[in-house]
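Report on the following structure.
Numbering (the working numbering), first residue to last: 5 to 302.
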């Protein structure tokens, strides 16, 4: 026991004393031998230069990444849409959220970039907020993108909200919500729908007037084929309906020639004005004199 405790301790003490002597000799040799000192200085300077070079490269890369991120943020802020992000780590825990400047201004969010999602929900109508929440839950459960149109709380503005989930190469998940105001677009669409209904009503009225005329009327295309006619024309062209007359290309039967109808039409087109002529036409098996007018439409 005495040897193990006391003698062993003395042995280690002698070893440390020996190492101290060696280290002292090395230090003395370095500082009192010029060649060794120069070598050590060069080694230290080289190590510092290498470390400084690595630091410079890392700083340049960090600056490059920062510039790219800044450019991307500027581009996103220039979009007419605002966005809201949920950023998760590789495990699936929420790391942070981010509200874009455009969305904060659009929805008048007081906390700007740090605005929570609940603050955004408050700006939609209650049923709209419920629909958006349900759509988000469905997206997160099934990775299914969605698009909904929601009114604001006052129901004076409209928004189109699109959501999708994206996973990066590092297995990090990002939920993205794009918000676009469609108030003016909705108003223009409603105006166009009303205009379209008015035009449809007017067109229906004109068709009724067109069909009610007792005088045969027809229209040709650039190949002189019948593309539109009224029932009066279909009756004298031996067709059951205007649609059948157009489908069959039914023409009036002129006494001169079976091609006389297209000859009259080509003459009107060649002269560039109305062509008026009196011709004999076979109607219901009888020979009748009719006045034919072919007018070139603008």
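By construction, the Cβ of each residue, glycine as well, lies at the ideal position given by its N, Cα and C atoms.
Own chain partners of residue i with C-beta closer than 6 Å, once the 5 adjacent residues on each side are dropped
i, result
"residue 104", "86 and 87"
"residue 149", "168"
Inter-residue spacing [alpha-carbon to alpha-carbon] between residue i and residue j
i, j, result
"residue 166", "residue 101", "17 Å"
"residue 182", "residue 67", "29 Å"
"residue 111", "residue 175", "32 Å"
"residue 153", "residue 189", "12 Å"
"residue 53", "residue 84", "49 Å"
"residue 132", "residue 179", "19 Å"
"residue 290", "residue 207", "36 Å"
"residue 146", "residue 107", "26 Å"
"residue 261", "residue 240", "17 Å"
"residue 155", "residue 144", "23 Å"
"residue 122", "residue 171", "24 Å"
"residue 115", "residue 64", "33 Å"
"residue 242", "residue 222", "14 Å"
"residue 58", "residue 117", "35 Å"
"residue 197", "residue 204", "10 Å"
"residue 177", "residue 62", "27 Å"
"residue 252", "residue 226", "17 Å"
"residue 139", "residue 191", "25 Å"
"residue 224", "residue 195", "34 Å"
"residue 248", "residue 238", "8 Å"
"residue 264", "residue 200", "40 Å"
"residue 109", "residue 127", "12 Å"
First through last residue of the beta strand (DSSP E) which encompasses residue i
i, result
"residue 282", "279-287"
"residue 296", "290-298"
"residue 179", "177-185"
"residue 163", "162-171"
"residue 232", "230-233"
"residue 224", "222-224"
"residue 154", "150-155"
"residue 1", "The question about residue 1 has no answer here: the residues shown for the chain are numbered 5 through 302."
"residue 89", "86-92"
Cβ pair residue i, residue j closer than 8 Å
i, j, result
"residue 113", "residue 119", "yes"
"residue 254", "residue 230", "yes"
"residue 250", "residue 233", "yes"
"residue 202", "residue 157", "no"
"residue 296", "residue 283", "yes"
"residue 269", "residue 228", "yes"
"residue 276", "residue 301", "no"
"residue 236", "residue 210", "no"
"residue 184", "residue 164", "yes"
"residue 279", "residue 298", "yes"
Sequence-distant residues of the same chain with beta carbon closer than 7 Å to residue i, five excluded per side
i, result
"residue 187", "161 and 162"
"residue 257", "285 and 286"
"residue 99", "91, 92 and 93"
"residue 51", "none"
Close beta carbons around residue i, own chain, < 8 Å, minus the five adjacent residues each side
i, result
"residue 135", "152 and 154"
"residue 193", "none"
"residue 142", "148 and 150"
"residue 292", "284, 285 and 286"
"residue 214", "221 and 234"
"residue 96", "177"
Unbroken alpha helix (DSSP H) run spanning residue i, endpoints
i, result
"residue 140", "130-146"
"residue 121", "121-125"
"residue 266", "264-275"
"residue 95", "Note, residue 95: premise wrong, no alpha helix (DSSP H); not H, not E."
"residue 114", "Where residue 114 is concerned, there is no enclosing alpha helix (DSSP H), given that its DSSP letter is neither H nor E."
"residue 249", "246-252"
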